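J.:
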RNA sequence: GCCAAUGUAGCUCAGUCUGGCUAGAGCAUUCGACUUGUAAUCGAAAGGUCGUGGGUUCAGAUCCCAUCAUUGGCUCCA
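In my numbering, the protein residues as written are 26 to 651.
Next up, the structure:
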């Protein structure tokens, strides 16, 4: 059976005359007009039977659910096939379809009649689709527009691969997702629903968007392409600190930092096959007849580099790392949101070349620990994210223990997606998904076991037996995109705020860590020397020397989420100790200088430091209202 | 990309449905006064081709068409 399915604003048809003997009787020749409906042009073919009819109506219903349409017109249309069923069979199958779609508002146009018709088709991607339904096998091509260029094989097969969803608990039990009791795992439930059912319902902008502007971190740049952000001094400072921290951790783990080009020749032999597999989502550039594209990850750069290395098994695992500023993905405009999903983003990307599966499995455990620890230190805890592991059935059957160990490390149930066959280049992939205020999931850390690209990029090493082999490659981002970390921190802060707690950034990331407020102009000099003393301890300190009331300046500092405020007046000028207003409690404490520095350092130890990225005196600072 | 909502001063918004006075307010900015004790001192000035481009009209921020951007949903997420 062949079906051409169109989501229409309206259709108008007029039966004109009987075309065949066995056409339907008692047909009125009035014009019929229907609105807001799906029209399914149907050609019944020779071998079709009830099971095909049932399957067809099932698929039609499915896609109508998606587009939220309840009205269906079955329109017999012989021209779709050259292998038609005899009319009596066609009529009876059409009737079967009509009656089995009873929960829809369904009708059919007369069979065997010539009809004139006028049709207005909607313009969204799901509006048009064709289906071919046969007895044994079901195949269908969704959403393919007639005028569209042939979609690549990748996209077609991607829509065909079927996922099996389960939940794996730390004790090793695997439960089908539908049977799992999510009572104590609300966020995992969100992730599961999000991934498998793809169902979401939100009607407000994510809170981090307002915060990123209010805190003068980042904003949209109207003169650029959407999804390319500008970062203000505060934002650049925060971003840079996170970048430095992640890089430091990766180097401690054993990654070697490199730098590779951001654009590549799409006709380079190594690119072609990779490219055809993952088409469409890149920025293209024409340059002197070359067709270049902007990288969407650091993979190519590092693979092409590794290609040059003379590797021995003794060198492995060997790890290359790059902090890509930027990676580019030309996501559909409707998918872009604040700092969560961008077209240009900063991605730490670390590849480990391993000699065999055993080594890669050992390596993936190390990197799992690294990722978890990095997120933790960045201020994102286990309770903020949920893990998903995806793998092929074969890999799981041979490596159950490995998978279970990862789950054990996390210590809570994990969403499992399993494929019968390997479609992607990896056999296993895990990722941590941050769940935000609106119940949206987005991936942070991730790692993959890649069994294809070693060969594709001609990377090889010599093993113990003097045989050349291709390494297995792990693809890890220990933190996920840096922008997304900021998004996660802001969403967490917004959540605190909603719960009635004071929102804040981790102290080591605060653009201003200590603010000094002179009571009157007379104390500005004292403030200056105090500021100097504090900033020599690697603390970002500024002075609000504006001519505003003390209450107002405190309020401003609170609104900037500044943790420590020092008001300097007569009392402080003559005292040994500092009066420190701690935003955490709102109280004013008397501390000696050294005690304060010790308390401060304790909270920022092992974290990178960078000086104030804006004028020290607030009177010299432009007000940024975005 | 599709559907919907939104777009007015640097920011947050009123005015748009029902076309008609000099397009308003608060915050921020500038100037002046005040010299402040832990979340908003007082006064004044300046600030706008109402997202952009067309159209209808005696008259357009307001109605119509197109377009761009943001947000939400769909799709997508290597």
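The beta-carbon is built from N, C-alpha and C at its ideal position, and this holds for glycine as well.
The structure displayed is predicted, hence computed values, not measured ones.
(1) Which same chain residues end up closer than 8 Å to residue 34 when comparing Cβ atoms and leaving out the 5 residues on each side of it in sequence?
(2) In whole angstroms, what separates the C-alpha of residue 201 from that of residue 439?
(3) Between which two residues does the alpha helix (DSSP H) harbouring residue 432 extend?
(4) Have a look at residue 38 and residue 218 and give me their C-alpha separation to the nearest angstrom.
(5) Do residue 454 and residue 481 come within 7 Å of each other at the CB atom, strictly closer than that value?
(6) If you draw a straight line from the alpha carbon of residue 233 to that of residue 409, how long is it in whole angstroms?
(7) Using beta-carbon positions only, say whether residue 195 and residue 432 come within less than 7 Å of one another.
(8) For residue 170, count the other beta carbons within 10 Å of its own beta carbon; 16 or more makes it buried, fewer makes it exposed. Which is it?
(9) Which residue or residues does DSSP assign as beta-bridge partners of residue 378?
(10) When DSSP labels each residue in this structure, what does residue 232 get in the three-state scheme?
(11) What residue does the beta strand (DSSP E) around residue 413 start on, and which one ends it?
(12) Can you give the Cα-Cα distance for residue 373 and residue 578, rounded to whole angstroms?
(13) Please tell me whether residue 545 and residue 567 are closer than 7 Å, where the distance is taken between their beta carbons.
(14) What number of angstroms, rounded off, separates the C-alpha of residue 452 from the C-alpha of residue 417?
(15) Looking only at its chain, what residues have a beta carbon closer than 8 Å to the beta carbon of residue 371, apart from the 5 residues adjacent to it on each side?
(16) Measuring CB to CB, does residue 368 end up less than 7 Å from residue 512?
(17) Do residue 376 and residue 498 have their C-beta atoms closer together than 7 Å?
(18) What does a CB cutoff of less than 7 Å around residue 328 pick up in its chain, not counting 5 residues either side in sequence?
(19) Starting from the C-beta of residue 641, find all residues in its chain whose C-beta is less than 7 Å away, skip the five residues before and the five after it, and write them out in chain order.
(20) When you compare the CB positions of residue 532 and residue 384, do they come within less than 7 Å of one another, or not?
(21) With H, G and I counted as helix, E and B as strand and the rest as coil, what does DSSP make of residue 245?
(22) Which residue comes first and which comes last in the beta strand (DSSP E) that contains residue 37?
(23) Among 235, 527, 633, 209, which has the Cα closest to the Cα of residue 611?
(24) Taking the C-alpha atoms as reference points, what is the distance between residue 76 and residue 392?
(25) Does the beta-carbon of residue 570 have 16 or more other beta-carbons within 10 angstroms, so that it is buried, or is it exposed?
(26) So residue 473 is in the alpha helix (DSSP H); what residue range does that whole segment cover?
(27) In terms of residue numbering, what span does the beta strand (DSSP E) encompassing residue 146 cover?
(28) Considering Cα atoms alone, identify which of 132, 56, 94, 117 is closest to residue 139.
(29) Compute the Euclidean distance between the alpha carbons of residue 41 and residue 97, then round it to the nearest angstrom.
(30) Pick from 450, 113, 315: whose alpha carbon is nearest that of residue 45?
(31) May I have the straight-line CA-CA distance separating residue 282 from residue 250, to the nearest angstrom?
(32) So, at 7 Å on beta carbons, what are the nonlocal neighbours of residue 47 in its own chain, with the 5 sequence-adjacent residues on each side left out?
(33) Using 10 angstroms around the beta-carbon of residue 110, count the other beta-carbons present and answer buried if the total reaches 16, otherwise exposed.
(34) Determine which residues share a DSSP beta bridge with residue 268 and list them.
(35) Taking just the CA atoms, how far does residue 271 sit from residue 597?
(36) Return the chain-ordered list of same chain residues with a C-beta closer than 8 Å to the C-beta of residue 276, the five sequence neighbours on each side being excluded.
T.: So, from the data block:
(1) Listed in chain order, the non-local C-beta contacts of residue 34 below 8 Å within the same chain comprise 60, 61, 145, 146, 147, local neighbours out to five positions each way being set aside.
(2) Going by C-alpha positions, residue 201 is about 12 Å away from residue 439.
(3) First-last of the alpha helix (DSSP H) with residue 432: 425–435.
(4) 41 Å
(5) no
(6) 15 Å
(7) yes
(8) Low confidence applies here, because residue 170 scores a pLDDT of 28, under 50, leaving its location unreliable and the question unanswered by this model.
(9) As computed with DSSP, residue 378 is found in a beta bridge with 343, 498.
(10) helix
(11) Counting along the chain, the beta strand (DSSP E) containing residue 413 begins and ends at 410–417.
(12) 39 Å
(13) no
(14) The C-alpha of residue 452 lies about 6 Å from the C-alpha of residue 417.
(15) 264, 268, 348, 349, 350, 351, 352, 506, 507, 508
(16) no
(17) yes
(18) 478, 482, 484
(19) 556, 567, 568
(20) no
(21) strand
(22) 27–43
(23) 527
(24) 50 Å
(25) buried
(26) Premise fails: residue 473 lies in the beta strand (DSSP E), 466–475, not in any alpha helix (DSSP H).
(27) 138–146
(28) 56
(29) Taking the straight line from one Cα to the other gives about 22 Å.
(30) With distances taken between Cα atoms, residue 45 lies closest to 113.
(31) 29 Å
(32) Correct list, in chain order: 112, 113, 137.
(33) Only buried fits residue 110, as 16 or more other CB atoms lie within 10 angstroms of its CB.
(34) Secondary-structure assignment with DSSP links residue 268 through no beta bridge to anything.
(35) Looking at the two C-alpha atoms, the distance is approximately 40 Å.
(36) 282, 346
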